[in-house]
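Colleague:
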Amino acid sequence: VLAGALTLSLLIIPVIIIAAREALKSVPDSMRMAALALGASKWQTIRDHVLPAAIPGIATGVILAMARAMGEAAPLILLGALTYVAFVPASPMDSFTAMPIQIFNWTSRPQEAFHDLASTGIIVLLGFLLICNSAAIIIRLRWGKKL
């Protein structure tokens, strides 16, 4: 579990960093200059004006990166994730599986029942990813109007 979590976190960190940088760059310089002109320190400007204006972009980037990690199977397969786990992992060092790996396992079996399970798993995974992406859009639209 720990190895999979660390691998996926390394996979999404660049996406989050780029989203955060772009969100911080999108804050108008006039907002920074206005805060500094009114006597705010650089830290107060960042804390009270720049970060609140950049939060929608940062939150959107984090949610989209997490949604991407949910659909990744290749790094987990390379780490040796199991295709079937009959128990709940009790520690971070236990064996694990993920939905994309389980779907891959079900589609590779010849029985028709497993293909039905794979179809259901794909629909569940797509639904969850759709919810995550919709949440990112809603956060961006709702919080982004404050500029």
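Per my numbering, the sequence shown starts with residue 637, numbered consecutively.
The beta-carbon is built from N, C-alpha and C at its ideal position, and this holds for glycine as well.
Mapping DSSP to helix, strand and coil, what is Pro-728?
Modeller: It is coil, neither helix nor strand.
Colleague: On the criterion of 16 or more Cβ atoms from any shown chain inside 10 Å, does Pro-692 qualify as buried, or is it exposed?
Modeller: buried
Colleague: Cβ of Val-651 within 8 Å of Cβ of Ala-695?
Modeller: no
Colleague: Is there contact between the region 659-675 and the region 739-755, where contact requires at least three CB pairs shorter than 8 Å?
Modeller: no
Colleague: Is it right to say Ala-772 is buried, meaning 16 or more other beta carbons lie within 10 angstroms of its own, or is it exposed?
Modeller: buried
Colleague: Between which residues of its own chain and Ala-671 is the CB-CB distance below 6 Å, once the five residues before and five after are set aside?
Modeller: Thr-681 and His-685
Colleague: Would Leu-647 and Ala-705 qualify as a contact pair, given that the criterion is a beta-carbon distance under 8 Å?
Modeller: yes
Colleague: Around the C-beta of Pro-746, are 16 or more other C-beta atoms found within 10 angstroms, so that it is buried, or is it exposed?
Modeller: exposed
Colleague: Return yes when the Cβ of Gly-707 is within less than 8 Å of the Cβ of Pro-736, no when it is not.
Modeller: Contact: yes.
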